[in-house]
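> Would you mind keeping the following structure in view while I ask a few things?
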Amino acid sequence: MPDGVEDVEVWVPPLVTVPDVPGTLARMTSLRLVQTVTAGVEPYRPHMPEGAVLCNARGVHDAGTAEWAVGAMIAVLREFPGFVDAQRRGEWTYHHTGVLADSRVLIVGYGSIGSALERRLEGFEVEVVRVARRARDGVHAMDELPALLPEADVVVLLVPATPDTAGMVDSSFLARMKDGAVLVNAARGGIVDTDALLAELKTGRLRAALDVTAPEPLPEGHPLWSAPGVLITPHVAGSTPASERRTLRLIRAQLERYLAGEDLVNVITDAY
């Protein structure tokens with residue numbers, strides 16, 4: 033930490049969480065605002081000092097994450113990873129594949145990223161079913177999820193990491209998914225019970241596309257690497273030039289509001 037950290041009023045943490053968040057926050061005795069560059073704030077929220085405001089980067093990663101989710105579900109349904117392996121072997125492995133068209137896509141955690149995902153799915157001839165913490169017009173509540181899972185061809189996870197969502201995708205959740213369905217996790221790795229998912233993948237009943245894992249980074253030799261029917265990317269969904277540009281615009285506008293004494297945006301008042 034630099035000299036003078038006790039005088040810092042605004043902290044913009046880096047994309048990769050610093051090792052000692054509680055200790056870092058404790059040293060910033062003049063802190064008034066923490067503006068994250070991520071939508072998730074779980075490393076900071078439990079340790080925020082009295083009088084400081086926590087704001088997230090809601091919106092800046094919508095485009096990248098939604099684009100990744102569409103690409104990931106298409107890649108799994110159309111079996112792109114298998115065809116890439118065949119290409120490397122020089123094999124012409126013609127066969128029919130699945131398709132996104134006519135599918136029912138269940139978005140679990142319908143916020144700004146979920147809305148961005150739905151806009152990108154409009155041209156793919158799918159039915160979108162929306163689920164959020166609370167029911168509203170056109171959006172189901174979380175307690176309706178068990179009844180919705182058996183009808184979904186693709187289940188996309190976009191929920192924040194909270195005590196309520198930790199391990200929510202457990203063996204019971206996965207068992208309710210229909211045979212051949214695809215689980216797409218663009219949220220946080222801890223939302224999914226890794227052992228329960230591995231058990232389903234090994235039977236071939238479900239497939240998955242994961243941008244996040246538990247543990248993360250996924251260590252060498254972990255059974256997820258070699259599990260059938262899974263596509264894994266190293267938490268890159270929001271790591272794009274578009275996200276960088278939008279992050280900088282958000283930080284600049286937020287700092288201008290702070291200096292002018294205006295209301296801040298993306299203030300975290302509850303879990304999210």
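33 is the number of the first residue of the sequence shown in the numbering used here; add one for each residue after it. Cβ coordinates follow ideal geometry from the N, Cα and C atoms, glycine included.
1) With respect to the beta strand (DSSP E) encompassing residue 296, which residues constitute its N-terminal and C-terminal limits?
2) When DSSP labels each residue in this structure, what does residue 254 get in the three-state scheme?
3) From which residue to which residue does the beta strand (DSSP E) around residue 262 run?
4) By alpha-carbon positions, which one of 218, 234, 33, 50 ends up nearest to residue 98?
5) How long is the line joining the alpha carbons of residue 224 and residue 267, rounded to whole angstroms?
6) CB-CB under 7 angstroms to residue 230, same chain, minus the five flanking residues each way: which ones, in chain order?
7) If you count every other CB in all the chains shown that lies within 10 Å of the CB of residue 128, and 16 or more means buried, which is it?
8) According to DSSP, is residue 172 helix, strand or coil?
9) Tell me the DSSP bridge mates of residue 160?
10) Using a threshold of 7 angstroms, is the CB atom of residue 42 nearer than that to any non-hydrogen atom of the ligand ATP?
11) Who does residue 67 pair with in a DSSP beta bridge?
12) According to DSSP, what are the bridge partners of residue 189?
On the basis of the data shown:
1) If you number the sequence shown from 1, residue 296 lands on position 264. Neither: residue 296 is in no beta strand (DSSP E) and is coded neither H nor E.
2) The count along the sequence shown starts at 1 and reaches residue 254 at position 222. DSSP places residue 254 in coil when its eight states are reduced to three.
3) Along the sequence shown, one-based indexing puts residue 262 at 230. Looking at the DSSP string, the run of the beta strand (DSSP E) that includes residue 262 is 262 to 264.
4) Residue 98 sits at position 66 when you count from the first residue of the sequence shown. Comparing Cα positions, the closest option is 218.
5) Locating residue 224 in the sequence shown gives position 192, where the first residue counts as 1. Locating residue 267 in the sequence shown gives position 235, where the first residue counts as 1. Each residue's Cα considered, the two are about 15 angstroms apart.
6) The count along the sequence shown starts at 1 and reaches residue 230 at position 198. So the list reads 255, 256, 259, once near-sequence residues are dropped.
7) Looking up residue 128 in the sequence shown gives position 96. So residue 128 ends up on the exposed side.
8) The residue labelled residue 172 in the question sits at position 140 within the sequence shown. Reduced to three states, the DSSP call for residue 172 is strand.
9) Start at 1 with the first residue of the sequence shown, and residue 160 comes out as number 128. Beta-bridge pairing links residue 160 to 137.
10) With respect to small molecules bound, the structure shown includes none, and the ligand ATP cannot be examined in it.
11) Within the sequence shown, numbered from 1, the residue matching residue 67 stands at position 35. DSSP lists 87 as partners of residue 67.
12) Taking the first residue of the sequence shown as position 1, residue 189 is located at position 157. Paired residue(s): 140, 217.
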